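Visitor:
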Amino acid sequence: MPVLCSACTEKRAVLKRPKTGHSLCKECFFWAFEEEVHYTIVAAQLFKPGETVAIAASGGKDSTVLAHVMKLLNERYSYGLKLMLLSVDEGITGYRDDSLETVKRNQEQYELPLKIVSYEELYGWTMDAIVKQVGLKNNCTFCGVFRRQALDRGAIILKVDKICTGHNADDVAETVLMNVLRGDVARLRRCTAISTASEGEGVVPRCKPLKYSYEKEIVLYAYFKKLDYFSTECIYSPNAYRGYARTFLKDLESIRPSSIMDIIHSGENLCVREGVKMPVQGTCKRCGYISSQALCKSCVLLEGLNRGLPKLGIGKHHRLHDKILSQQPLTEKEERKLKSVDF
Amino acid sequence: MCQVVEEYPDQLERADLPSVSKKCGKCKEASTAVVIRTADTYCRGCFKEYFVHKFRATLGKNRIIFPGEKVLLAVSGGPSSCAMLNQVQEGLNQNAHKKLRFLPGIIYIDEGCAVNQTVEERQRKVSELQAVFKAAGFPFHIMPLEQVLDLPNSVVVAAPSPSEQLASTYKAAVDHFIQAKRSNDLTAQDQEETSVPYVQESHTQRLQQLIGSAKTLTAREDLLNTLKQHLLVHIARSKGYSKLMLGDNCTRLAVKLLTSISLGRGAQLAQDTGFSDSRYGDIIVVRPMRDYSANEIASYNHMFNVPCVVIPSLNTKTPDRASVHCLTESFVTKLQVDFPSTVSTIYRTSEKLQTAGRSSISTNLCDRCLLCMCTMDTAVEKASAFQATQVSTQLSQAKPTGSPEQPTASGQCCSGAGTEGCGSGVGCCSSASVKTPDLKSLLCYSCQLTIKDMLSVEHLPAYILSEAQRRLRRFRMREDISEFLLDDGDEGGDV
Chain A
1 MPVLCSACTE
11 KRAVLKRPKT
21 GHSLCKECFF
31 WAFEEEVHYT
41 IVAAQLFKPG
51 ETVAIAASGG
61 KDSTVLAHVM
71 KLLNERYSYG
81 LKLMLLSVDE
91 GITGYRDDSL
101 ETVKRNQEQY
111 ELPLKIVSYE
121 ELYGWTMDAI
131 VKQVGLKNNC
141 TFCGVFRRQA
151 LDRGAIILKV
161 DKICTGHNAD
171 DVAETVLMNV
181 LRGDVARLRR
191 CTAISTASEG
201 EGVVPRCKPL
211 KYSYEKEIVL
221 YAYFKKLDYF
231 STECIYSPNA
241 YRGYARTFLK
251 DLESIRPSSI
261 MDIIHSGENL
271 CVREGVKMPV
281 QGTCKRCGYI
291 SSQALCKSCV
301 LLEGLNRGLP
311 KLGIGKHHRL
321 HDKILSQQPL
331 TEKEERKLKS
341 VDF
Chain B
344 MCQVVEEYPD
354 QLERADLPSV
364 SKKCGKCKEA
374 STAVVIRTAD
384 TYCRGCFKEY
394 FVHKFRATLG
404 KNRIIFPGEK
414 VLLAVSGGPS
424 SCAMLNQVQE
434 GLNQNAHKKL
444 RFLPGIIYID
454 EGCAVNQTVE
464 ERQRKVSELQ
474 AVFKAAGFPF
484 HIMPLEQVLD
494 LPNSVVVAAP
504 SPSEQLASTY
514 KAAVDHFIQA
524 KRSNDLTAQD
534 QEETSVPYVQ
544 ESHTQRLQQL
554 IGSAKTLTAR
564 EDLLNTLKQH
574 LLVHIARSKG
584 YSKLMLGDNC
594 TRLAVKLLTS
604 ISLGRGAQLA
614 QDTGFSDSRY
624 GDIIVVRPMR
634 DYSANEIASY
644 NHMFNVPCVV
654 IPSLNTKTPD
664 RASVHCLTES
674 FVTKLQVDFP
684 STVSTIYRTS
694 EKLQTAGRSS
704 ISTNLCDRCL
714 LCMCTMDTAV
724 EKASAFQATQ
734 VSTQLSQAKP
744 TGSPEQPTAS
754 GQCCSGAGTE
764 GCGSGVGCCS
774 SASVKTPDLK
784 SLLCYSCQLT
794 IKDMLSVEHL
804 PAYILSEAQR
814 RLRRFRMRED
824 ISEFLLDDGD
834 EGGDV
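Line order of the protein sequences matches chains A and B.
Heads up: the first sequence begins at 1 in my numbering, then just goes up one per residue.
Heads up: the second sequence begins at 344 in my numbering, then just goes up one per residue.
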């Protein structure tokens with residue numbers, strides 16, 4: 001007895017939704033998925049008509065699906081947005097070059113303009129070179145911090161009003177868990193926000209239209225729609241701390257599929273006690289980017305790389321900011337602490 | 344590297360073993376007896392001092408327990424609660440420096456039926472514990488969990504808290520007490536020979552049916568905890584205790600924090616894991632053992648022969664993935680091995696949280712969850728995870744062809760777009776059969792999940808169901824006259 005789709009009750013169901021457990025046919029699933037993203041965009045008022053929006057595209061499943069759905073919804077509901085693709089080349093041989101090919105293919109398929117910014121031209125360092133200096137344990141920090149700034153700089157070059165990224169529900173839930181494990185209360189409060197604040201120069205607000213879409217559903221969508229994407233893990237990621245949170249989340253999902261949304265719900269309803277010290281947003285004294293310290297994190301990391309002190313930037317380093325700003329050399333003891341790298 | 348004859352031309356770096364000194368880190372005289380927190384060494388005497396001091400400091404810092412108050416200690420027989428009992432004994436000892444000044448009582452809840460223990464096994468455990476309690480010298484009560492079926496409605500109604508006991512009045516209260524004490528000694532409470540109430544077989548069966556109606560172990564654990572809490576609060580109220588002490592230690596609270604987040608209890612984290620929990624109004628739940636890690640307690644119990652009784656619970660001997668709680672526990676324990684500061688970091692996060700939104704002394708009862716009695720967190724906000732889930736459910740189901748009966752908008756549920764996605768067989772919205780009211784609108788997010796996992800709610804104890812109906816009736820009444828009410832928000836007095 002074939003199972004019927006629970007939405008249209010006519011066609012045969014071909015998949016079971018990970019999010020709610022309902023069995024749906026292909027068309028109803030596409031419809032439900034797209035409508036949910038549309039609902040998220042409308043309810044959170046993510047865009048205004050006439051805006052130019054850059055879709056952060058990495059060639060992976062999230063950004064490919066995001067580009068597809070954004071283009072589709074823009075036409076279906078007349079958002080009136082001008083869309084373009086923005087991609088970042090970190091300089092990881094074998095991983096990034098392949099995914100960039102996918103992005104170029106996407107550009108042709110969706111007929112959207114594309115801009116690629118690279119770490120090499122922005123910072124003078126590729127991820128391969130960074131990993132050689134830093135090792136395999138803390139490299140994700142460098143990549144993440146640099147990528148954020150790269151996206152912002154690319155967005156300014158393209159003169160867009162907003163960036164949208166392909167962060168899905170699993171990503172947000174992992175971030176909540178990670179922030180609890182790391183004790184980062186400031187980030188914990190901010191990480192469930194669907195869009196960042198839009199004040200400040202040199203900062204382009206960014207949002208996550210796929211925030212409530214499960215990763216598995218994104219894969220199902222891409223699979224059934226036969227979308228073209230690049231699906232290999234970054235070769236440098238296995239030792240990242242996030243891996244622990246991810247495994248835990250995957251196990252949780254197998255026990256209770258609604259856990260992912262439950263964690264996001266918890267994160268949204270957290271309330272931090274008054275009187276807890278919170279960082280204040282200012283600007284970096286060197287590059288003008290937003291920062292809560294005297295120097296922004298990417299300046300600190302870059303300084304560490306350029307001086308051959310890979311651990312500068314990992315761990316507490318506010319006291320050294322003045323020294324870095326004034327170009328003073330660090331004492332031997334400080335240098336020794338910052339140099340040691342464990343592979 | 345994998346040759347038969349391995350030669351290492353360079354000296355292999357010796358891994359640095361943490362050097363542990365042989366002498367106690369504190370008094371530097373006696374030899375080390377225990378190492379806690381990776382590198383802190385203590386001798387026997389200093390460790391005991393440290394342990395005892397921590398207990399007093401936790402109680403004293405949070406000036407919540409006023410002198411002369413009756414405090415109920417919830418002892419489960421496990422190491423943490425037995426250590427807590429031991430500390431209270433020590434603290435009330437006549438010779439103690441800075442004696443504790445409250446009047447303790449002990450409560451043990453026998454949940455053998457939930458774990459399917461036989462009557463003989465239960466009696467054996469109970470008598471072991473009775474011996475321990477008698478030795479302690481405080482009045483004790485032993486209650487079978489079946490009593491929960493006979494509780495009155497008042498249990499799930501937050502009673503108004505007594506006259507504000509502010510920290511500022513604490514000092515005055517202590518001084519007053521010391522003055523009064525000079526005239527008459529603190530009368531130690533007599534140990535009454537309380538016999539264990541007799542348990543009817545039918546009650547046991549009903550309770551087992553209730554627990555069995557929850558499909559997943561997670562839901563069962565949640566349900567069991569809720570019922571236990573209700574029973575504890577009821578006993579505290581009926582015997583005149585104003586404070587309830589639980590023996591949760593740091594490790595367990597860290598696991599509880601992560602579990603709560605995974606279950607959607609983000610809004611209630613501060614109450615679930617904080618030092619004091621005032622959700623019941625008149626009874627304040629206190630957790631004095633929250634600064635002790637499980638290791639410290641285990642070392643203390645071993646070194647000073649604190650008696651404890653091993654009693655199986657719902658998740659004893661279950662695999663890691665059996666429930667959210669088990670998974671989280673194994674996750675945290677394994678992570679702790681590689682990153683020794685995990686538990687303390689998580690614990691410190693819990694200290695920085697507070698209850699969201701309105702004050703917890705709000706008397707507007709529709710704002711409180713029926714089961715866990717915390718402030719509701721299901722307000723319909725346009726862009727939230729809760730709303731997104733409901734949208735998904737609606738989109739995945741067939742739209743009804745014009746339902747004849749308008750479902751009574753139970754306020755905080757779906758925003759007017761029909762409530763067809765409401766239940767999974769939990770009684771229909773409108774013409775609710777008298778037996779099984781629709782509980783969803785009365786529950787917070789995570790309690791809704793627990794109920795969703797239950798086959799039917801008809802096995803829930805009578806007090807929960809009747810209170811649910813009362814609230815629903817009251818809500819409908821309010822709806823009828825809402826246009827004539829002048830006061831929009833909280834109205835004082837009974838809702």
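We treat Cβ as the ideally placed atom computed from N, Cα and C, and that holds for glycine.
These figures come from a predicted structure and were not determined experimentally.
By DSSP's criteria, A:S63 is part of a beta bridge. Which residues make up the other side?
Guide: DSSP lists no partner for A:S63.
Visitor: Spell out the partners DSSP gives A:L115 in its beta bridges.
Guide: Leu is not the amino acid found at residue 115 of chain A; the sequence shown has Lys there. BP columns for A:K115 point to A:L86.
Visitor: Would you report the Cα separation of A:L73 and A:L81, rounded to the nearest angstrom?
Guide: Rounded to whole angstroms, A:L73 to A:L81 spans 10 Å at the Cα level.
Visitor: Interface residues of chain A around B:R711 at Cβ under 8 Å?
Guide: Under the 8 Å cutoff, chain A gives no residues; its nearest Cβ is about 15 Å from B:R711.
Visitor: I'd like the span of the beta strand (DSSP E) that includes B:L678, first residue to last.
Guide: Per DSSP, B:L678 belongs to no beta strand (DSSP E); it is in the alpha helix (DSSP H), V667 to D681.
Visitor: For A:G94, which residues in the same chain have their Cβ closer than 8 Å to its Cβ, ignoring the five residues on either side in sequence?
Guide: Excluding sequence neighbours, A:G94 sits near I235.
Visitor: Check each residue of the region 675–691 of chain B: if its Cβ is closer than 8 Å to any Cβ of chain A, include it; give the result in chain order.
Guide: Listed in sequence order: L678, T685, T688, I689 and R691.
Visitor: Given a cut-off of 8 Å, decide if B:M646 and B:V377 are closer than it, judged by their beta-carbon atoms.
Guide: It is a contact, given that the beta carbons lie within the stated cut-off.
Visitor: Is any heavy atom in the ligand COA found nearer than 7 Å to the beta carbon of B:D710?
Guide: Looking for the ligand COA in the displayed structure turns up nothing, as the structure carries no ligands at all.
Visitor: For A:T283, which residues does DSSP report across the bridge?
Guide: For A:T283, which the question treats as bridged, DSSP gives the partners A:I290.
Visitor: So, under 8 Å CB-CB, B:R563 and B:I626 are touching, yes? Tell me the CB distance rounded to an integer number of Å.
Guide: About 25 Å separates the two Cβ atoms, so there is no contact after all.
Visitor: Helix, strand or coil for A:S23 per DSSP?
Guide: In this structure, A:S23 counts as strand in the three-state DSSP scheme.
Visitor: Go ahead and label B:S702 buried or exposed: buried means 16 or more other beta carbons lie within 10 angstroms of its beta carbon, across all protein chains shown.
Guide: Note on B:S702: pLDDT 41, under 50, position unreliable in the model; the coordinate value appears next. Label assigned to B:S702: exposed.
Visitor: Would you say B:I794 reaches chain A, if we count a Cβ-Cβ gap shorter than 8 Å as a contact?
Guide: No, B:I794 does not count as interfacial toward chain A.
Visitor: For B:V667, go through chain A and note every residue whose CB falls closer than 8 Å to its CB, in chain order.
Guide: Per Cβ cutoff of 8 Å: L252, I255, R256 and S259.
Visitor: Provide the residue(s) that pair with B:G590 in DSSP beta bridges, ordered along the chain.
Guide: According to DSSP, which records beta bridges pairwise, B:G590 is partnered with nothing at all.
Visitor: In this structure, how does DSSP classify B:M646 when only helix, strand and coil are distinguished?
Guide: Residue state, collapsed to three classes: helix.
Visitor: Please classify B:H396 as buried or exposed, where buried requires at least 16 other C-beta atoms within 10 Å of its C-beta.
Guide: By the 10 Å Cβ count, B:H396 comes out exposed.
Visitor: What's the C-alpha gap between A:V3 and A:A32?
Guide: Taking the straight line joining both Cα atoms gives about 18 Å.
Visitor: Please report the straight-line C-alpha distance between A:G124 and A:L158, rounded to a whole angstrom.
Guide: A:G124 and A:L158: Cα-Cα distance of roughly 21 Å.
Visitor: Roughly how many angstroms separate the alpha carbons of A:D62 and B:C712, rounded to a whole number?
Guide: Straight-line Cα distance between these residues: approximately 37 Å.
Visitor: Quick one: using the 10 Å Cβ neighbour count with 16 as the cut-off for buried, is B:K820 buried or exposed?
Guide: The displayed chain sequence assigns Met, not Lys, to residue 820 of chain B. Counting Cβ neighbours within 10 Å, B:M820 comes out exposed, since fewer than 16 surround it.
Visitor: Check whether the Cβ atoms of B:L785 and B:A805 lie closer than 8 Å to each other.
Guide: Cβ distance not < 8 Å, so B:L785 and B:A805 don't count as in contact.
Visitor: Who are the near neighbours of A:V37 in its chain, counting only those whose CB is closer than 7 Å to its CB and skipping five residues on each side?
Guide: Counting only Cβ-Cβ distances below 7 Å, and skipping sequence neighbours, we find V69, L73, P209, L210 and S213.
Visitor: Within 10 angstroms of its Cβ, does B:C370 collect 16 or more other Cβ (buried), or is it exposed?
Guide: Looking at its Cβ environment, which holds fewer than 16 other Cβ atoms inside 10 Å, B:C370 is exposed.
Visitor: From the DSSP secondary-structure annotation, give me the bridge partner or partners of B:D453.
Guide: BP columns for B:D453 point to B:P487.
Visitor: Enumerated in chain order, which unbroken segments of the alpha helix (DSSP H) with a length of 4 residues or greater are wholly contained in the region 600–655 of chain B?
Guide: Complete alpha helix (DSSP H) runs here, min 4: 612–616 and 637–646.
Visitor: Taking only the alpha-carbon atoms, compute the straight-line gap between B:N459 and A:F29 and give it to the nearest angstrom.
Guide: Near 44 Å, if we compare the C-alpha coordinates of A:F29 and B:N459.
Visitor: Hey, could you find the ends of the alpha helix (DSSP H) B:I408 is sitting in?
Guide: Note, B:I408: premise wrong, no alpha helix (DSSP H); not H, not E.
Visitor: In three-state terms, what does DSSP make of A:C207?
Guide: Of the three classes helix, strand and coil, the one that applies to A:C207 here is strand, per DSSP.
Visitor: Using three-state DSSP, classify B:A726 as helix, strand or coil.
Guide: Of the three classes helix, strand and coil, the one that applies to B:A726 here is coil, per DSSP.
Visitor: If we ignore side chains and look at the alpha-carbon of each, how far apart do B:S767 and B:L446 end up?
Guide: Summary for B:S767: the model assigns pLDDT 39, below 50, so the residue's position carries little reliability, and this model does not support an answer.
Visitor: Kindly say whether A:G288, judged by its beta-carbon, lies nearer than 8 Å to any beta-carbon of chain B.
Guide: By this cut-off, A:G288 is not an interface position.
Visitor: What are the residues in the region 62–85 of chain A lying within 9 Å of chain B by C-beta distance?
Guide: The region 62–85 of chain A vs chain B, Cβ under 9 Å: nothing.
Visitor: Would you call B:A457 buried or exposed, if buried means 16 or more other Cβ atoms sit within 10 Å of its Cβ?
Guide: Per the 10 Å Cβ criterion, buried.
Visitor: Determine the direct distance from the alpha carbon of A:G60 to that of A:Y223, and round the result to whole angstroms.
Guide: Distance between the alpha carbons of A:Y223 and A:G60 is about 13 Å.
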